[in-house]
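Trainee:
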Amino acid sequence: MQYFIQFCSLLIFLFFTNCSGQDTGDQSTVEKIENQSNGEFNAYWYAGKAEITSYDLQQARYDEIHNGEAVLIFVTEDFLVEKQVKDEGLSQNASVSVLKLNFVRKFPTGIYDYSMMTSSFIPVHQKKYSPAMKVSSSAQEWCGHAWLQLNKKGEEYEVQSNSYFEGEGDVHTTIETSILEDGLWAQLRLNPDLVPIGEQMVFPSSQYIRMAHKALHAYPAVISKSDYLKEDMPGHQLVELKVDYQNLGRRLEIIYTANFPHEIVGWRELTSTANNSNTFTTVARKKAQLKSPYWNKNSAIDAPLRDSLKLKF
């Protein structure tokens, strides 16, 4: 009987430990950042709120441009080093503070639509560039769905890929540690000065790999930064990070503010067709932003918050 009561107590605990208990930001139990940002960084990222930004999206797909929407959700959380999942206090295993990005992209293509999401986890405490600890990505559309995950283990990434495409199938492999494009977004928010510049080996965006059906390995790329002088993006004192994959015919351009907190105001993805006869450009521009403990905003009365973010999808 005693064991039955203990078992029931555990079930009740797990029931109430759901999304509403996640991403609490200011409740970090591990050492916070001690780099150049210091108090300013902690005041912004450890206030118990996530930063949610919506973007108008013109998505290139099937040699056309489709209107859509993207949302970037940044939040700090404690992350178990070995298991590489959120630390919910269920064990005494070592954890670190990470900046997590949930990158949501939605767009229709004709009669059917795409819904894609990528999560990346970057250690907050940095004295030099630290590769992403983990990236997971999923894509859903009417043909089926696909999923990809990379976990950093020593000097390698363990890669798991599942897809409804026969040629991609179920893959379990390892690749050498490299820069993950999906990790650069959060790295810019932490400290853009630590982004490696010049010729690098970069594992492309998991969403790009999914849509372009590319092999799961890093590709040669040139990373550069420069002042952004155009006036087609919102904000002032902007900087542009470029990742140019010449062998893939693809270039990513992320535009962000030079000053802390280095907000991402938009981006471009230029992709050439198979024979390089045409280049199609995906463009995203910031619409609205909200700092909120969104995990507690799940009632019907909270629905107007979506209007404040100008969300359509």
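According to this note's numbering, numbering within the sequence shown proceeds without interruption in unit steps and concludes at 397.
Quick reminder that beta carbons are idealized off the backbone N, C-alpha and C, glycines included.
Source: prediction; values computed, not measured.
#1: May I have the straight-line CA-CA distance separating N126 from P345, to the nearest angstrom?
#2: Note down the Cα distance separating Y312 from A154, rounded to an integer number of angstroms.
#3: How is Y130 classed by DSSP in three states: helix, strand or coil?
#4: Kindly indicate which residue of R294, I348, R334 and K298 has the alpha-carbon position closest to the one of H320.
#5: Tell me which residues share the same chain as R189 and place their Cβ nearer than 6 Å to its Cβ, disregarding the 5 neighbours each side in the sequence.
#6: What first and last residue would you give for the beta strand (DSSP E) that runs through Y340?
#7: Anyone know if the C-beta pair for K394 and A372 falls short of 8 Å?
#8: Classify I206 as buried or exposed, calling it buried when 16 or more other Cβ atoms lie within 10 Å of its own Cβ.
#9: Considering Cα atoms alone, identify which of A302, S204, R294 and L274 is closest to M285.
#10: Suppose contacts are defined by Cβ-Cβ distances below 8 Å. Is R430 in contact with A223 by that definition?
#11: Specify, as a first and last residue, the run of the beta strand (DSSP E) that A372 falls within.
#12: Is it the case that the Cβ atoms of S383 and I136 are separated by a distance below 8 Å?
#13: Using the rule of at least 16 other Cβ atoms within 10 Å of the residue's Cβ for burial, across every protein chain shown, is D266 buried or exposed?
#14: Starting from S392, follow the alpha helix (DSSP H) in both directions and report where the run begins and ends.
#15: Can you give the beta carbon distance from S330 to N275, rounded, assuming they're within the 8 Å contact cut?
Mentor: The short version:
#1: 11 Å
#2: 22 Å
#3: coil
#4: I348
#5: A154 and M200
#6: R334 to T341
#7: yes
#8: buried
#9: A302
#10: Not covered by the structure: residue 430. The range shown for the chain is 85 to 397.
#11: T363 to S376
#12: no
#13: buried
#14: P388 to S392
#15: Correcting the residue identity first, residue 330 is Gln in this sequence and not Ser. That pair is no contact at about 27 Å.
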